[in-house]
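Before any comments, here is the structure.
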Amino acid sequence: MEKTGVPDMRVTIAGVELQSPVIAASGTFGYGIEFDEILSLQKIGAFITKGLSLEPMEGNQAPRLIETSAGMMNAIGLQNVGVETFVEKKLPEIRKLRGAVCFANVFGFTIEDCVAVVEKLNEAEGIAIYELNASCPNTRHGGMVFGTDPGLLEELTQRVKAVSRRPLMVKLSPNVTSIGGMALAAERGGADAVSLVNTFVSMAIDIETRKPRIKNVTAGLSGPAIKPIAVRMVWEAARAVKIPVVGMGGVLRAEDAVEFLLAGATAVQVGTASYADPRAVEKIATGLRKWCEAHGVGKVSELTGGLSS
Ligand SMILES: Cc1cc2nc3c(=O)[nH]c(=O)nc-3n(C[C@H](O)[C@H](O)[C@H](O)COP(=O)(O)O)c2cc1C
């Protein structure tokens, strides 16, 4: 195909314009501030903070992160500084990062927790979008994960959306039978966008000691191992809803991002890749621009849902 000059890399999610569809995923990019010296935060679409809870959390005991042949398993246990410290200590630093876009990832063990975290964040400047992590166990419902019950997910979304002063993107768990049904439940609850996938429940055993390799026994699998499943899930979710879908799961290169866009994603997130190369998100954003240029794609947004049969 002919080259068409500099491609337009802008995408819009829930009314928020990003200069690139490549976003740093929650839990793999700290609070963004840590990466300011490593890469150009202005060259990526946005970064998403580590999940924020009402109270600070220490997370699980080690070992809580191991490498697999094609990915990573983690049971960090949602360690974070808590919403109050985030607003008081981290956000002022984030606001100094001129031209960078921050999304805040939110979770709670009850609907009321999630509502309280969002209410606290509402008071502060410097956040573009809330990403609500629905993969967290709900203590009021016997530990059932919010994101595995469509009724509960719709209620959670509705209650958080009712107080939210910013666009709400609901992050879906892939550990479900019908991802389309869950995306639809979030849309019905008033979500402005959905993001998927979070990690897959997994397990590894040390055959010499016969003990689980992760102290928590089960852990979330991420990285290249999950990419084909994630692409299928993004495709199913995008066919089920009208709101934008943000895809992720094993994006390592620009070509992986293109695959997610063709499956129906408006933007992509990059997680595990940042562990192997802390500059990965910027490299993928630049690589995607070059890919569009080389393939005569004038606007990156034209790739969304461009799968041919
Ligand atoms: C170490 C680690 C910590 C994570 N923490 C969070 C988190 O706090 N909140 C969240 O919504 N997702 C979290 N995730 C999930 C990622 O954001 C992403 O959904 C998942 O890893 C799949 O993308 P990837 O294959 O590019 O890593 C975490 C992932 C990893 C590897």
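Every number in the numbering used here is 1 more than the matching position in the sequence shown, counting from 1. The C-beta atom is built at its ideal place from N, Cα and C for all residues, glycine as well.
| message | Here's the rule: buried if 16 or more other CB atoms are within 10 angstroms of the residue's CB, otherwise exposed. What is ILE285? | response | Residue numbering aside, residue 285 sits at position 284 when the sequence shown is read from its first letter. Buried, since its Cβ has 16 or more Cβ neighbours within 10 Å.
| Heavy atom of ligand 1 within 7 Å of GLY83 beta-carbon | Here the question's residue 83 lines up with position 82 in the sequence shown. Incorrect: GLY83 has no Cβ contact closer than 7 Å to ligand 1.
| Which residues in the same chain as TYR32 place their Cβ atom closer than 6 Å to its Cβ, once the five residues preceding and following it in sequence are excluded? | Counted from its first residue, the sequence shown places residue 32 at position 31. THR50, LYS91, listed in sequence order.
| query | Does ligand 1 have even one heavy atom less than 7 Å from the beta-carbon of SER223? | reply | As a first step, residue 223 is located in the sequence shown; it is residue number 222 there, counting from the start. For ligand 1, at least one heavy atom lies less than 7 Å from the Cβ of SER223.
| request: For VAL7, count neighbouring Cβ atoms within 10 angstroms of its own Cβ and tell me buried if that reaches 16, exposed if not. | output: The sequence position of residue 7 within the sequence shown is 6, counting from 1. Result: exposed.
| task | Determine the contact status of ILE215 and ALA76, defining contact as a CB-CB distance below 8 Å. | result | Counting from one through the sequence shown, the residue named residue 215 turns up at place 214. Counting from one through the sequence shown, the residue named residue 76 turns up at place 75. Yes, these two residues count as a Cβ contact at 8 Å.
| request: Using beta-carbon positions only, say whether ALA129 and LEU154 come within less than 8 Å of one another. | output: Position 128 of the sequence shown, counted from the start, is the residue given in the question as residue 129. Position 153 of the sequence shown, counted from the start, is the residue given in the question as residue 154. Cβ atoms of ALA129 and LEU154: not closer than 8 Å.
| query | Can a CB atom of chain D be found closer than 8 Å to the CB of GLU156? | reply | Annotation note: the requested chain D is absent from the structure, which comprises a single protein chain.
| message | Just to confirm the assignment: which complete beta strand (DSSP E) runs, minimum length 3, are found wholly within the segment 191–255? | response | For the segment 191–255, whole beta strand (DSSP E) runs of length 3 or above, ordered along the chain, are 194–197, 201–204, 219–223, 246–249.
| Neighbour-count burial assignment, ALA268, 16 or more Cβ in a 10 Å radius | On the sequence shown, residue 268 is found 267 positions in, with the first residue counted as 1. Buried: at least 16 other Cβ atoms inside 10 Å.
| task | Tell me whether LEU66 counts as near ligand 1, meaning its Cβ is closer than 7 Å to at least one heavy atom of that ligand. | result | Against the sequence shown, residue 66 aligns to sequence position 65. LEU66: yes, Cβ under 7 Å from ligand 1.
| message | Less than 8 Å between the beta carbons of CYS103 and GLY127, yes or no? | response | Here residue 103 refers to the residue found at position 102 when the sequence shown is read from its first residue. Here residue 127 refers to the residue found at position 126 when the sequence shown is read from its first residue. When the beta-carbon positions are compared, CYS103 and GLY127 come within less than 8 Å of each other.
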